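Visitor: My questions will all concern the structure given below.
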Amino acid sequence: MNEDQLKNLSDSVDHSEQGERPAEEQTEAAAQGGWFPYPPSRPARLIPPIALAYIGDAVYEVAVRQYLLSKANMRPNHLHRSATGLVSAKAQSRILTGIEEQLTEEERDVVRQGRNAKSGSIPKNADVLEYRHATALECLVGYLYSSGRHDRMIQLITQGIEHAEQQSPSPNKK
């Protein structure tokens, strides 16, 4: 750890002992890996793939919900059906397929690690391959989120949602 990191750590400990951290430090902490002032305990490349998928699942769900709120039809039942159509393992697998060509080598490596990670659970509504691809997408989103690469994460999620919307019929047409 260099001197600046030690000072920041010391300052954050001082502030946590006093209660709250100043707003500018909270903003800086959020910029270093997340939207909130709780930076990851270690660099994103050292976080286990299942843990990255855990946070990636939540971040992806927020992105989908925000996307749906940008649409005209905001009836709760419609929102729920539309969200399910974008966050299911099948949809996430399709999204990963749609963005794979645009991934960097580093991102492909994260996807591979996520796909090969053992989650310890058995999918109920998807086949194993779709489930593993969904976990890989969530791992990628978690990695980009945790490493503070939010612009790239947003770019890939946006492209993925657009791809999924083009590939599947509208829930209103069912």
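Residue numbers for the sequence shown follow UniProt numbering, beginning at 1 and rising by one.
In this text, a Cβ means the ideal position worked out from N, Cα and C, and glycines have one as well.
Here the structure is a predicted model, which is why all the values come from computation and not from measurement.
Roughly how many angstroms separate the alpha carbons of P76 and Y67, rounded to a whole number?
Guide: C-alpha separation (whole angstroms): 14 angstroms.
Visitor: Which whole-angstrom value describes the C-beta separation of G114 and A136, a residue pair presumed to lie in contact below a C-beta threshold of 8 angstroms?
Guide: Right, their Cβ atoms sit about 4 angstroms apart.
Visitor: Tell me which same chain residues have a C-beta within less than 8 angstroms of the C-beta of residue 175, skipping the five on either side of it?
Guide: For residue 175 there is no data in the structure shown, the boundaries of the chain being 1 and 174.
Visitor: In angstroms with no decimal places, state the Cα-to-Cα distance between A91 and A83.
Guide: Using only the alpha carbons, I get a separation of about 10 angstroms.
Visitor: Using 9 angstroms as the threshold, is the C-beta distance between G160 and L96 below it?
Guide: Contact flag set, yes.
Visitor: Would you say Q56 and A164 are within 9 angstroms of each other, going by their C-beta atoms?
Guide: Note that residue 56 is Gly in the sequence shown here, rather than Gln. No, the Cβ-Cβ distance between G56 and A164 is not below 9 angstroms.
Visitor: Going by the CB atoms, is the gap between S146 and L69 shorter than 9 angstroms?
Guide: In this structure, S146 does not lie closer than 9 angstroms to L69 by Cβ.
Visitor: My output table needs one value for P123: the three-state DSSP class, helix, strand or coil.
Guide: Reduced to three states, the DSSP call for P123 is coil.
Visitor: Our contact map puts R94 next to Q167 with C-beta atoms below 8 angstroms; I'd like the distance itself, whole angstroms only.
Guide: Yes, R94 and Q167 are in contact; Cβ-Cβ is about 6 angstroms, under 8 angstroms.
Visitor: Write down the C-beta distance between residue 176 and P49 rounded to the nearest angstrom, noting that I regard them as a contact closer than 8 angstroms.
Guide: Since the displayed the chain opens at 1 and closes at 174, residue 176 lies outside it and no answer follows.
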